[in-house]
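If you use UniProt numbering, the sequence shown corresponds to residues 1 to 433, in order. Below is one structure, written out as structure tokens; comments come after it.
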Amino acid sequence: MDQLIASIKKAGDNGPEIVAILEKHSDFLMKNVSSLDQHLARYETEQWTCLYAAVIRAKLMAASSIEPTHLIEARTFFEASDSKRLNLVKPIVRAIGRILTKKLIAQSIAISGIPVLIAAIKRIQDTANHLTCLHVNLCQLALSAKFFNPLLPFLNADLLDVDNDRKAYCIKDAILYFYYGGMIYAALKMWDRSFKFFTMACSIPTPSCSSLLLAAAKKLIIISLIHKGEFNAAEFPLLRRWKYSLEAYKKLEEAFSASNSTALGEVIEKNSSTFGADRNYGLVKQLIDCHVKYRIHNLTKTFISLSVKDLAVRARLDLPETAEKQLLEMAGAKSIFVKIDQRNGCVRFLDNPERYESPEVLDSLVQKLKAIMDYDMTLRRIISEEASTTALGEPCVKLRRLAIHLLESITGQQSSGLPVLSTPACKRKHPSE
């Protein structure tokens with residue numbers, strides 16, 4: 001132990017050398033797990049963060065199962081650790097996250113690890129916009145536990161930077177983060193954010209991770225149909241390589257684009273085994289209800305008013321009561337604006353009452369323009385830093401990844417923030433026309 005301490009002291013702030021020293025002594029730490037605490041009692045956690053991280057990893061690896069004492073010790077360590085020193089040993093921090101996640105999920109107690117990883121992420125993050133090697137593990141725990149609220153502040157933050165330690169972070173981590181994030185937002189029915197995350201997963205250029213990207217592409221098609229009512233394959237050239245693997249999803253998109261709900265149901269039923277094997281059947285089933293809503297929404301772009309009975313016929317619904325129920329749900333979600341006259345059974349479609357010249361909208365636009373300028377400055381800084389500090393040829397994938405994260409964040413800000421205008425009532429018509 002004294003030799004290990006002396007070696008760490010000698011290494012100073014040389015992260016790779018410290019990691020190499022700790023890896024060299026990993027067997028020693030594993031064999032002496034039971035007696036390590038008495039040796040560590042002489043050393044402060046903050047000053048000896050690197051050593052404590054290696055000890056935590058050894059204890060987790062040696063344990064047949066994760067006990068509450070392990071979780072308390074790990075969380076206490078991260079909260080007391082020195083951020084700078086912790087970042088020197090990111091490969092070991094990554095190993096802690098992986099071991100903890102794997103064992104907690106196997107024990108069906110994933111929820112207990114969420115506070116530990118949140119504490120760890122906050123320590124190794126440079127800013128709230130920094131994607132770390134632990135974000136993926138946090139998403140895995142949240143999905144296993146079906147407990148998402150603590151994760152939302154991390155998912156909602158626009159990412160402007162990623163870990164640059166190649167031993168602690170790889171491009172697959174970025175794809176997995178957006179893939180799991182898309183799944184979490186889909187579970188919460190936050191379709192706009194889910195669509196954005198799957199879009200980003202499918203936009204990261206990489207020759208590897210084909211199976212993961214294919215899984216993301218399948219979910220992207222479904223989420224796009226739910227969120228936008230269509231899927232534009234031209235926006236995703238990456239999908240061309242999986243033409244045959246996506247055949248069932250292409251048929252699903254074609255059926256959704258038509259107005260015949262029966263045909264959509266037949267496609268879903270015919271390909272149910274494929275959707276089930278892909279674990280997408282639950283999402284696909286939601287398309288039937290969405291299909292009805294989009295048919296009604298299209299009618300609001302064409303007519304000023306309709307009787308509820310006529311609406312049910314044009315939307316191909318069985319009963320007027322079903323049509324009225326759908327109208328009320330859509331009006332409650334503010335996806336359409338209507339006035340229903342119960343006396344004569346007539347529905348009048350209205351324009352969005354929001355006034356786009358209001359001070360609130362102007363302030364929102366100013367804030368978003370400011371954010372875009374900040375993003376542009378950040379991108380320029382990243383390019384400048386990478387060009388001056390990275391070996392020739394190495395920055396290509398890294399810069400493209402960062403640029404994609406950045407530009408997609410900007411696109412999300414623009415598309416979600418600017419008002420979407422519906423067809424004005426003066427340009428619509430009555431059923432008699």
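In this text, a Cβ means the ideal position worked out from N, Cα and C, and glycines have one as well.
Use the C-beta contact count for M200: other C-beta atoms within 10 angstroms, 16 or more gives buried, fewer gives exposed. The sequence position of residue 200 within the sequence shown is 200, counting from 1. It counts as buried.
For V162, which residues does DSSP report across the bridge? Sequence index remark: in the sequence shown, residue 162 carries index 162 (1-based). Answer by DSSP bridge pairing, in chain order: L131.
Does the Cβ-Cβ distance between C202 and L213 come in under 8 Å? As a first step, residue 202 must be located in the sequence shown, where it is residue number 202. As a first step, residue 213 must be located in the sequence shown, where it is residue number 213. In contact: C202 and L213 (Cβ atoms closer than 8 Å).
Own chain partners of I99 with C-beta closer than 8 Å, once the 5 adjacent residues on each side are dropped: Within the sequence shown, numbered from 1, the residue matching residue 99 stands at position 99. The answer, listed in chain order, is R57, L60, M61.
I'd like the list of long-range same chain contacts for H291, defined as Cβ closer than 8 Å, with 5 residues on each side in sequence excluded. Indexing the sequence shown from 1 puts residue 291 at position 291. Same-chain partners within the cutoff: F256, S261, L264.
Assigned secondary structure, I304 (DSSP; H/G/I helix, E/B strand, else coil): Within the sequence shown, numbered from 1, the residue matching residue 304 stands at position 304. Three-state DSSP puts I304 in coil, outside helix and strand.
K9 by DSSP, collapsed to three states: which one? The count along the sequence shown starts at 1 and reaches residue 9 at position 9. Helix at K9.
Using only the alpha-carbon positions, how far apart do residue 518 and D351 sit? Nothing in the structure corresponds to residue 518, since the chain is present only between 1 and 433.
Quick check: what's the CA-CA separation for K172 versus D310? One-based indexing of the sequence shown puts residue 172 at position 172. One-based indexing of the sequence shown puts residue 310 at position 310. Approximately 52 Å between the Cα atoms of the pair.
Under three-state DSSP, which class holds E363? Looking up residue 363 in the sequence shown gives position 363. The sequence shown places Asp at residue 363, not Glu. DSSP places D363 in helix when its eight states are reduced to three.
Relative to the C-alpha of L134, which candidate in A145, R94, I105, L152 has its C-alpha closest? Sequence index remark: in the sequence shown, residue 134 carries index 134 (1-based). Among A145, R94, I105, L152, the Cα nearest to that of L134 is on R94.
CA nearest to the CA of I18, picked from S34, Y52, L40: As a position in the sequence shown, residue 18 is number 18, starting the count at 1. When only C-alpha atoms are compared, the closest one is Y52.
Collapsed DSSP secondary structure at F148 in the structure displayed: To locate residue 148, count along the sequence shown from 1; it is residue 148. In this structure, F148 counts as coil in the three-state DSSP scheme.
Exposed or buried, what is D163 when buried is set at 16 or more other beta-carbons lying within 10 Å of its beta-carbon? Position 163 of the sequence shown, counted from the start, is the residue given in the question as residue 163. Buried: at least 16 other Cβ atoms inside 10 Å.
Report the rounded CA-to-CA distance for A157 versus L239, giving the unit in angstroms. On the sequence shown, residue 157 is found 157 positions in, with the first residue counted as 1. On the sequence shown, residue 239 is found 239 positions in, with the first residue counted as 1. Going from the Cα of A157 to the Cα of L239 covers about 27 Å.
At the level of alpha carbons, what is the spacing between G15 and V89? On the sequence shown, residue 15 is found 15 positions in, with the first residue counted as 1. On the sequence shown, residue 89 is found 89 positions in, with the first residue counted as 1. In a straight line, the C-alpha of G15 is about 6 Å away from that of V89.
Beta-carbon within less than 7 Å of L407's beta-carbon, same chain only, minus the 5 sequence neighbours each way: which residues are those? Residue mapping note: residue 407 aligns to position 407 of the sequence shown, counting from 1. Any reading at L407 must be qualified, since the residue scores a pLDDT of 46, below 50, and its modelled position is unreliable; no value is offered.
Mapping the DSSP letters down to three states, classify K189 as helix, strand or coil. Locating residue 189 in the sequence shown gives position 189, where the first residue counts as 1. DSSP places K189 in coil when its eight states are reduced to three.
The beta strand (DSSP E) with C209 in it runs from where to where? On the sequence shown, residue 209 is found 209 positions in, with the first residue counted as 1. Note, C209: premise wrong, no beta strand (DSSP E); not H, not E.
Three-state secondary structure (DSSP) of K243: Numbered from 1 along the sequence shown, position 243 holds the residue referred to as residue 243. In the structure shown, K243 sits in coil (DSSP, three-state: anything other than H, G, I, E or B).
What three-state label does DSSP hand L407 in the structure shown? Looking up residue 407 in the sequence shown gives position 407. Residue confidence is low: L407 scores 46 on pLDDT, short of 50, so the model does not pin down where it sits. Its coordinate-derived value is still stated next. If DSSP states are grouped into helix, strand and coil, L407 belongs with the helices.
Please classify A74 as buried or exposed, where buried requires at least 16 other C-beta atoms within 10 Å of its C-beta. By one-based count along the sequence shown, residue 74 stands at place 74. A74 should be labelled buried.
Cβ-based burial, F121 [other Cβ within 10 Å; buried from 16]: Within the sequence shown, numbered from 1, the residue matching residue 121 stands at position 121. Note that residue 121 is Ile in the sequence shown here, rather than Phe. Buried, by the Cβ-count rule.
Work out the CA separation of S81 and K250 for me, nearest whole Å. As a first step, residue 250 is located in the sequence shown; it is residue number 250 there, counting from the start. As a first step, residue 81 is located in the sequence shown; it is residue number 81 there, counting from the start. Their Cα atoms are separated by approximately 51 Å.
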